[in-house]
Amino acid sequence: MKLNLAFLLPALVGAGLAQALMAAPPAPAAVKAQPDGSALYRQRCNTCHSLTPGQNNPAGPNLAGIVGRDAATGTFRYSPALRGSKLTWTPAKLDEFLAGPSALVPGTRMMVDIRDAAERKAIVDFLASGKS
Numbered sequence: 000m001k002l003n004l005a006f007l008l009p010a011l012v013g014a015g016l017a018q019a020l021m022a023a024p025p026a027p028a029a030v031k032a033q034p035d036g037s038a039l040y041r042q043r044c045n046t047c048h049s050l051t052p053g054q055n056n057p058a059g060p061n062l063a064g065i066v067g068r069d070a071a072t073g074t075f076r077y078s079p080a081l082r083g084s085k086l087t088w089t090p091a092k093l094d095e096f097l098a099g100p101s102a103l104v105p106g107t108r109m110m111v112d113i114r115d116a117a118e119r120k121a122i123v124d125f126l127a128s129g130k131s
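Just so we're aligned, residue 0 is where the sequence shown starts under numbering that gives the first Met the number 0, counting upward by one.
Structure (structure tokens):
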């Protein structure tokens, strides 16, 4: 059964309701949840990197307190390219490095990139938080 409500239109127009209804903004689209930086770190980084101060992993350097730190500091065996980079790990530099390590530091041993900007931001925010 189809309802025909056309008979209501003149009343709505007269009251200005039709314009108000037509001008109402559409319902917002479902908001995509922000990625969980801690979970992403554990999925993408934890195999090669530690967040426990002083604990190195043979595959990658310790990332505890990385934000604000100069690149290639500590006891890890860094590539000559990273040692010579003179980078300081700001959130922006970490994001750039994670997007394409070899693009920022040609010759780095870091081979994993994270293409999704929201995932990179979540990981960088997690690292900057100092949580482990």
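C-beta atoms are modelled at their ideal positions from N, C-alpha and C, and glycine is treated no differently.
On a predicted model such as this, the values are computed, not experimentally measured, just so you know.
Would you check if the distance between the CB atom of R68 and the CB atom of I122 is smaller than 8 Å?
Against a cut-off of 8 Å, the Cβ pair of I122 and R68 comes out as no contact.
Mind checking A19: buried by the 16 CB within 10 Å criterion, or exposed?
Its pLDDT being 48, under 50, A19 is placed unreliably in this model, and the value from its coordinates should be taken loosely. Counting C-beta atoms within 10 angstroms of its own C-beta, A19 has fewer than 16 neighbours from the protein chains shown and is therefore classed as exposed.
Relative to the alpha-carbon of A32, which residue among A117, D124 and G129 has its alpha-carbon at the smallest distance?
Residue A117 is the option with its Cα nearest to A32.
Buried or exposed: R82, going by 16 or more other Cβ atoms within 10 Å of its Cβ?
Exposed: under 16 other Cβ atoms inside 10 Å.
Rounded C-alpha distance that separates G99 from G53:
One C-alpha to the other measures close to 27 Å.
Just verifying my parser: in three-state terms, what is the DSSP assignment at D124?
D124: helix per DSSP, three-state reduction.
CB S37 to CB K120, shorter than 8 Å?
Not a contact, by the Cβ cut-off of 8 Å.
Under the three-state DSSP convention, the category G59 falls into:
Here G59 sits in strand by DSSP.
Over the uninterrupted alpha helix (DSSP H) stretch that includes F75, give me the two end residues.
It is not in any alpha helix (DSSP H) - F75 carries neither H nor E in the DSSP assignment.
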